[in-house]
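For the sequence shown, the working numbering begins at 97 and goes up steadily by one.
Virtual Cβ for every residue (Gly too), placed ideally from N, Cα, C.
Small disclaimer: the values here were computed from a predicted structure and weren't measured.
One structure is given below, encoded as structure tokens.
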Amino acid sequence: MTTSATNSAPDEWDDLLNHLRHVREQVQQHGPLPDHEKAEAMDAFHRGLALLENQVRDIRGNLKGSSGKW
């Protein structure tokens, strides 16, 4: 059983990772980010963490032992 949130997760992961890779390249080439770009990078990082936490929660919710409980 998948939800629309889990269906869009691969695209969201790709977008987040591509954004963070772009930020990394920019920092390597041009040095530290301006404050507004730092905020955008932090936001992308936090969205990635939230997505990961949601996926772990979903996985844990679907794990059950033979008794139906974990």
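Assuming residue i contacts residue j (C-beta within less than 8 Å), just tell me the rounded distance between them.
i, j, result
"Leu170", "Glu108", "The question about residue 170 has no answer, for the chain in this structure spans 97 to 166."
"Arg143", "Leu113", "At roughly 11 Å, the Cβ-Cβ gap does not stay under 8 Å, so Arg143 and Leu113 are not in contact."
"Ala137", "Val152", "Actually they are not in contact, since the Cβ atoms of Ala137 and Val152 sit about 23 Å apart, beyond 8 Å."
"Leu159", "Ala140", "At roughly 29 Å, the Cβ-Cβ gap does not stay under 8 Å, so Leu159 and Ala140 are not in contact."
With DSSP as the reference, label residue i as helix, strand or coil.
i, result
"Pro130", "coil"
"Leu147", "helix"
"Leu116", "helix"
I need the straight-line Cα distance from residue i to residue j, nearest angstrom please.
i, j, result
"Val123", "Asn150", "29 Å"
"Pro106", "Asp154", "15 Å"
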